[in-house]
Every structure is written in C-alpha cells, then in structure tokens.
C-alpha cells in the first residue's frame, strides 16, 4: 500500500511512504462496509472484483446509492458524506485512493463513531 489512507496511521512502517496521494486495496465480505464519513480531500473507489454499493449524501441528507462492478469507479468530493456496503453475496476487492499523502483521520457522520475514531491509533 502507498500511505496509510484515512486511518491516521502515518508512522506505520509496513506502508510505502506517500507524498501526494494514498492507494489501498480493500477486501470486504458480504454484509460489511464503512459507516458514513467524510475526508478533507477527494476519495476514489475503483472496484477490481465483485460489487460494491457506494453512497453519497447531498446537503439535505438525501442518500444516493450506486452499485459499482468490476472496473467501475466513483469519486467522492472533499467534505461530502459518503460510504460503502457490500450488499452482494460475494466478497469485493477494490482500490481506494485519497488525494493527499497524509490525509487527516476520517470524520464520521455518527457522533459516537466520531468520538471513538482515534482509538485504533493507540495500537501503533
């Protein structure tokens, strides 16, 4: 992987240092996903194998979901609430790219998740 993505684990020695972007490969089992969140930079999802349901929310909170298949991608603008879910019956592999080498830890739309967002950093 290049950089630590939105995890905030920028000192992790197992990643290739990033200067201007991060690139990660994600594996998500059926029924799993990521909670509604934001980043201060653009985030792109590019599906390699399987199907991924990606959502974005407009300013009124209306959620728009689209299903991505192999070799399809979506770009989520900075500051826009978004997330994903694997609602298929098979695992999905996809690339995630963030537009900064050391992006801030993602911000969650759910206040309880936001309060706990940095707990995983204590293990680094």
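Numbering (our numbering), first residue to last: 189 to 312.
Just so it is clear, CB atoms sit at the ideal spot from N, CA and C, and this is done for glycine as well.
Within 8 angstroms, strictly: CB atoms of residue i and residue j
| i | j | result |
| --- | --- | --- |
| residue 244 | residue 227 | no |
| residue 279 | residue 218 | yes |
| residue 232 | residue 262 | yes |
| residue 286 | residue 203 | no |
Under the three-state DSSP convention, the category residue i falls into
| i | result |
| --- | --- |
| residue 262 | strand |
| residue 246 | coil |
| residue 205 | coil |
| residue 230 | coil |
| residue 312 | Residue placement at residue 312 is flagged as unreliable, the pLDDT there being 44, under the threshold of 50; a coordinate-derived value is accordingly withheld. |
| residue 269 | coil |
| residue 222 | strand |
Residues that residue i bridges to, as DSSP identifies them
| i | result |
| --- | --- |
| residue 213 | 283 |
| residue 240 | 256 |
Segment limits, beta strand (DSSP E) that includes residue i
| i | result |
| --- | --- |
| residue 255 | 251–256 |
Environment of residue i [buried if 16+ CB atoms lie within 10 Å]
| i | result |
| --- | --- |
| residue 199 | exposed |
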